[in-house]
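Residue numbers (the working numbering), protein chains in the order written: chain A, 22 to 611; chain B, 5 to 388. Virtual Cβ for every residue (Gly too), placed ideally from N, Cα, C. In this text, all values refer to a predicted model and were calculated from it rather than measured experimentally. Okay, so here's the structure we're looking at.
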């Protein structure tokens, strides 16, 4: 049987530099799914873009051959004219991009953008195109295809936009679909549904799929064949099952070990002690006023946090998990005093077990300064959390300078000591942050947060911008620091699997409310809330035996009005948080 | 490549799983920001050449009197509207070094014009490091030595002479002193106001932001040329040329700041959202410290680029005002003042060389634009 797509000895380079893709070979059979796996800089995106010849201007294909076997005979994509190439793009081979926000034109209606494919490749009339597009829209799960046809991209959520992108890629019934990290920008429940949709469509139409991803969990759920890339070279390639069960190359093993996972079996854990609390949030509410678009409508109120109660025992890790817009970051900012909660909320912080608590929700200037020495934050994006104009040394000593601690030499020594503590070397003090990799920068910002010897660190998604293997190292580092210094972490994340590893207690948030709260093992052993169940079920596991359970995802992922009777909540009527067993609270009507 | 029994391929190249976290990922970027900007700017050829050219022009300014063969207001009443003279090297097959043929004016009784006839039989060699009109070097060292000047009994009008018999070439050099610096003084005023008000508006937001924005909008809605005219007409006519020059440059600066303030405000708003600014605030840094240590250094380069792009507007503004007779006035010499003499279409037609000051204006404005463009392109050196 001839492969649909074959890539032979492909090498690609930028300018005069070293090749970023070296000697890559793979074949895709008709109807088969091939996953290109790798971390950032591995050359996986460049490779898949080379198939459609949509490389950046500076890149050139140095050697190799890409052949597409169509019904009309083989086409050598690397040697075709640009004119002929255009006929292939979007017709026989189509592509889905990572960022659904940016891959649709904001000025055109979605229907028109999708129909364009049919006008260009099939010469379809407007009416015929619309009929086919509406069919496809229905197929990809738009509840009201007519309305979707008429709407603009900004009217839709990220998941819906990605569905529109899939519809655009599918409407011409391509032989091959290339999906470049199609779900990386989506929430985990939406990711599960989009992956499920792609898989279903593939079974229906029999097209082949090249899936580019960094997530072995996605691979385990989708792929039949895997190509693992690292720094432009293929490390391991072959059928998915043996590769995932028994990775042969050390790099694959490393990736596999680094992939966060929810334990397959869990035992309920005892509740946390609450006699020595470092941070206590009682009935914290936060309402933002959103200016309404029209001058005649009243401003809308957005409830970012509704009655959030959290207790963080000293030396432990409390994690808040939720999708974007769930209010988890607002809660963290309130905990640090960066945002003022509504009247009646209470945030208490105790620097030492027997100290008088600081009322974070109403601090004077002096207490704020004292509080800032004890509570620090680690940010999400390592690329923007260090000023590009400051040497590492200046960035590191800045907190000490602000609080006027120590002499210049003492500050420098402390910075050097902190760098060693986070695994970097002292000679990096003189360097500038842009020379460092994402993981190193995150280490730097952890080191900077540690400079004031705080007792509480708020980590706002500290690993979500990093590669899996780096994420694993950073989590290990955070654990090591906690052990050594008795730190307490408030850990914000959207990823239940990351939290499973580091947290002592997890609070799951949705629309400003905590829906379920328990130690992670209890939560995985006995999840009660449909949303928690959906989050757990949607987590792609790098284990081929544990596929995503789409039914559970569908039950919990929708809006809270659609949850089962016992858990349902609306704007006005909210069930209370009930303690089902010691240390396990669920928001439900009992 | 090894093939495993189950059909898998595995790479054999040695692999170190602990690829050291000590290694710098982007060794090429391991340098201070300005080095990175310079590296990238060097590749922008047009910008680089323009930059070198402008540097050369500004370095020349203090020595304009030395290079010019005549004084700024030195009259030569026998040679009104003399056409440009060529410098020759070879006379009747014999190499003489640089020399000119003396010219004499004759009245043409049919057209009533002066006609200048070169005397091609007597070549006169140029003199070097000769004594001539007095000037002050760099503004304060009196001197009368010129790099080259006309020999006795001849004239040296490289680009012709004007209506009063003054050398256009020399006057362009003197004019550059005012025309080029007016932009610098104007831009410093506009920079100061723009950064101050723009950063206040951008950092504090709220009511202050609202007020500053409205002021900017009102200033921008005023028609520019009439406003210039009104402001410069208000300059007392008995003030000396230097005072007028300062007032003109300050007027230009005051009218230019709103554009800069807007750019600063927009940049501030976007930089405020950067996490390193949030981090500094969380550490307890005061607003002053955040602005000084984090915000300003990070957009200074953007400001310099946008300032470079607005200097030409200042130069053109000065030229326009002086051209209309409302800016600098004689005896001050600037390119606009010189063009004031070329207002009459008929005189340009008969004596086209009186319009030569346009050429340096065009070249300087283009050079500033290329330089600004090059700077702007190289500001973000972190990406490739």
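{"Check": "Spatial neighbours of residue 322 (chain B) within its chain, please: C-beta separation below 7 Å, excluding the five flanking residues on both sides.", "Outcome": "183, 186, 252, 256, 331, 338 and 340"}
{"Check": "Just to confirm, is the Cβ distance from residue 528 (chain A) to residue 538 (chain A) under 8 Å?", "Outcome": "yes"}
{"Check": "Looking at the strands, I want to know which residues DSSP matches up with residue 378 (chain B).", "Outcome": "Paired residue(s): none; residue 378 (chain B) is not in a bridge."}
{"Check": "Name the residue from B:105, B:80 and B:149 whose alpha carbon lies nearest to the alpha carbon of residue 135 (chain B).", "Outcome": "B:149"}
{"Check": "Scan the segment 268 to 289 of chain B for residues whose Cβ lies nearer than 9 Å to a Cβ of chain A and list them as they occur along the chain.", "Outcome": "277, 278, 279, 280, 281, 282, 283, 284, 285, 286, 287, 288 and 289"}
{"Check": "Which residues bound the beta strand (DSSP E) around residue 134 (chain B)?", "Outcome": "131 to 141"}
{"Check": "With a threshold of 8 Å between beta-carbons, can residue 344 (chain B) be considered close to chain A, or not?", "Outcome": "no"}
{"Check": "Indicate whether the contact test is met: 3 or more Cβ pairs, each with one atom in the segment 567 to 577 of chain A and one in the segment 259 to 271 of chain A, closer than 8 Å.", "Outcome": "no"}
{"Check": "For a test of the three-state rule: what should DSSP assign to residue 428 (chain A), helix, strand or coil?", "Outcome": "coil"}
{"Check": "Which whole runs of the beta strand (DSSP E) in the segment 254 to 296 of chain A are 3 residues long or more, in chain order?", "Outcome": "254 to 260"}
{"Check": "Report yes if the C-beta distance between residue 353 (chain A) and residue 450 (chain A) is below 8 Å; otherwise report no.", "Outcome": "no"}
{"Check": "Classify residue 18 (chain B) as buried or exposed, calling it buried when 16 or more other Cβ atoms lie within 10 Å of its own Cβ.", "Outcome": "exposed"}
{"Check": "Out of A:129, A:357 and A:249, state which residue places its alpha-carbon closest to the alpha-carbon of residue 176 (chain A).", "Outcome": "A:129"}
{"Check": "Is there a Cβ from chain B that is less than 8 Å from the Cβ of residue 29 (chain A)?", "Outcome": "no"}
{"Check": "Who are the near neighbours of residue 565 (chain A) in its chain, counting only those whose CB is closer than 8 Å to its CB and skipping five residues on each side?", "Outcome": "241, 261, 262, 265 and 266"}
{"Check": "Considering Cα atoms alone, identify which of A:492, A:482, A:446 and A:442 is closest to residue 471 (chain A).", "Outcome": "A:442"}
{"Check": "Within its chain, find whatever has a CB closer than 6 Å to the CB of residue 279 (chain A); leave out the 5 residues flanking it on each side and keep chain order.", "Outcome": "489, 490 and 493"}
{"Check": "Under a three-way DSSP split, which group does residue 373 (chain A) fall into?", "Outcome": "coil"}
{"Check": "Would residue 49 (chain A) be called buried (16 or more neighbouring beta carbons within 10 Å of its own) or exposed?", "Outcome": "buried"}
{"Check": "What does residue 228 (chain B) touch in chain A if you count any residue whose Cβ is under 8 Å from its own?", "Outcome": "Within chain A, no residue comes near residue 228 (chain B); the closest Cβ sits about 33 Å away, beyond 8 Å."}
{"Check": "Which term fits residue 610 (chain A), buried or exposed, when burial requires 16 or more other beta carbons within 10 angstroms of its beta carbon?", "Outcome": "exposed"}
{"Check": "With 16 other CB atoms within 10 Å as the buried threshold, where does residue 652 (chain A) fall?", "Outcome": "Residue 652 (chain A) lies beyond the range of chain A shown here (22 to 611); nothing can be said about it."}
{"Check": "By the DSSP assignment, the alpha helix (DSSP H) with residue 255 (chain B) in it spans what residues?", "Outcome": "245 to 276"}
{"Check": "Is residue 249 (chain A) closer than 8 Å to residue 58 (chain A) when the C-beta atoms are compared?", "Outcome": "yes"}
{"Check": "Out of A:149, A:606, A:415 and A:26, state which residue places its alpha-carbon closest to the alpha-carbon of residue 547 (chain A).", "Outcome": "A:606"}
{"Check": "Can you find at least 3 beta carbon pairs, one from the segment 58 to 71 of chain A and one from the segment 28 to 40 of chain A, that sit closer than 8 Å?", "Outcome": "yes"}
{"Check": "Does any C-beta atom of chain B lie closer than 8 Å to the C-beta of residue 173 (chain A)?", "Outcome": "no"}
{"Check": "From what residue to what residue does the beta strand (DSSP E) around residue 157 (chain A) run?", "Outcome": "Careful: residue 157 (chain A) lies outside any beta strand (DSSP E), inside the alpha helix (DSSP H) at 147 to 160."}
{"Check": "When DSSP builds the beta bridges, which residues end up paired with residue 153 (chain B)?", "Outcome": "B:131"}
{"Check": "Of all the options B:114, B:132 and B:359, which has the alpha carbon lying nearest to the alpha carbon of residue 101 (chain B)?", "Outcome": "B:132"}
{"Check": "Could you tell me the alpha carbon to alpha carbon distance between residue 333 (chain B) and residue 97 (chain B), rounded to whole angstroms?", "Outcome": "48 Å"}
{"Check": "Can at least three beta-carbon pairs, one atom from the segment 187 to 196 of chain A and one from the segment 122 to 137 of chain A, be found at a separation below 8 Å?", "Outcome": "yes"}
{"Check": "Alpha carbon to alpha carbon, how far is residue 170 (chain A) from residue 143 (chain A)?", "Outcome": "19 Å"}
{"Check": "Which same chain residues end up closer than 8 Å to residue 310 (chain A) when comparing Cβ atoms and leaving out the 5 residues on each side of it in sequence?", "Outcome": "320, 321, 322 and 323"}
{"Check": "Are the C-beta of residue 10 (chain B) and some C-beta of chain A separated by less than 8 Å?", "Outcome": "yes"}
{"Check": "Taking the continuous alpha helix (DSSP H) assigned at residue 200 (chain A), which residues delimit it?", "Outcome": "Run containing residue 200 (chain A): none in the alpha helix (DSSP H); it sits in the beta strand (DSSP E), 197 to 201."}
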